[in-house]
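Numbering-wise (the numbering used here), the sequence shown opens with residue 6 and increments by one. Worksheet: one structure, shown below.
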Amino acid sequence: MSRRHFLRFMVFTLVLVMFGVAQGADRIKVLWLRGGPVHDWRNNPPIVKAVLDATNDFEVTFTENLDDLKERIKQFDVLAVYTTGMTLSKEQESGMCDFVRNGGGFVGIHSATDSFKNSDRYWEMVGGRFAGHGGGRYTVYIYDKEHPITKNLKAFEIEDETYRHNFHANAQMRSLIRMSRGNEKQSMGWVSYYGKGRLFYTGLGHGKPACSNPSFQRIVVRAMYWAAGREVKDPPAVK
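Take a look at the structure:
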């Protein structure tokens, strides 16, 4: 190879490397906290992660270590929570809530409201605390048709639990999706702001049938973009 061709090859290689680094730096970094004695937290989150991966816009890191909420969380753009019945130390509570208050995104799925019940600050941040549930197949209605997460979406059927909540006295949420079945008439997803941070929560996502539901996946992917302050997009598989 001549010197000229070698130099061209090296420049081309350097451009490709820099382009790859730039793409990686632009991805939304998600720390996904899992764990607890209930729900299949090992297998359900990866179903949604596969959809996030398909967008090529996210870099998802799973963790079961609550101490990652202290300092490591600062390396990420969004915290996703799929846990049940866990408790927080004061340092973990401060790390998580300060992360959101200072501008980090939060996406809570299903049993995220059935965790950290020793923390009033977490309850206030998320807005709701699990109070009970029903289940079965039901319709999810789009309550807010103007918010970026739910704009242009249509009502859909899902096999899932129907979460009910006790709401914190200081909670100010904007309900996006609801269910209505007999005596069950409640919000199944909302958004709010906590300081500079954007927060989304949905009561959907109990098991594999729900996590595999394309409409559920679409809402969660949109919520991840929104929580990160990015333009909301649909995953490639959803048209």
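Every residue, glycine too, gets a C-beta built ideally from N, C-alpha and C.
Looking at the DSSP output, Arg-169 shares a beta bridge with Gly-137. Counting along the chain, Thr-88 sits inside the beta strand (DSSP E) bounded by residues 83 to 88. Taken through DSSP and simplified to helix, strand or coil, Thr-60 comes out as helix. DSSP places Ile-154 in the coil class of the three-state scheme, outside both helix and strand. Residue pairing for Leu-36: DSSP places it in a beta bridge opposite Thr-66 and Leu-84.
Taking the CA atoms as reference points, Gly-41 sits about 31 Å from Gly-187.
It is roughly 15 Å from the alpha-carbon of Ala-136 to the alpha-carbon of Asn-123. About 6 Å separates the Cβ atoms of Ser-197 and Gln-177, confirming a contact at the 8 Å cut-off. DSSP, read as helix, strand or coil, puts Glu-236 in coil. The Cβ atoms of Gly-132 and Leu-38 do not sit closer than 9 Å to each other. The residue among Glu-162, Ile-147 and Ser-185 with its C-alpha nearest the C-alpha of Arg-179 is Ile-147. Per DSSP, Gln-97 lies in no beta strand (DSSP E); the unbroken alpha helix (DSSP H) holding it starts and ends at 95 to 106. Looking from the CA of Met-130, the closest CA among His-138, Gly-139, Ala-117 and Gly-141 belongs to Ala-117.
Taking all protein chains in view, the Cβ of Arg-134 is crowded by 16 or more other Cβ atoms within 10 Å, so the residue is classified as buried. Within the region 166 to 229, complete alpha helix (DSSP H) segments of at least 4 residues are found at 213 to 216, given in chain order. Rounded to the nearest angstrom, the gap between the Cα atoms of Glu-236 and Ala-174 is 31 Å. Taking a C-beta distance under 9 Å as the contact criterion, Phe-81 and Thr-66 qualify as a contact pair.
Looking at the DSSP output, Tyr-146 sits in a beta bridge with Arg-183. The C-beta separation of Val-225 from Ile-114 comes to about 7 Å, placing the pair in contact by the 8 Å criterion.
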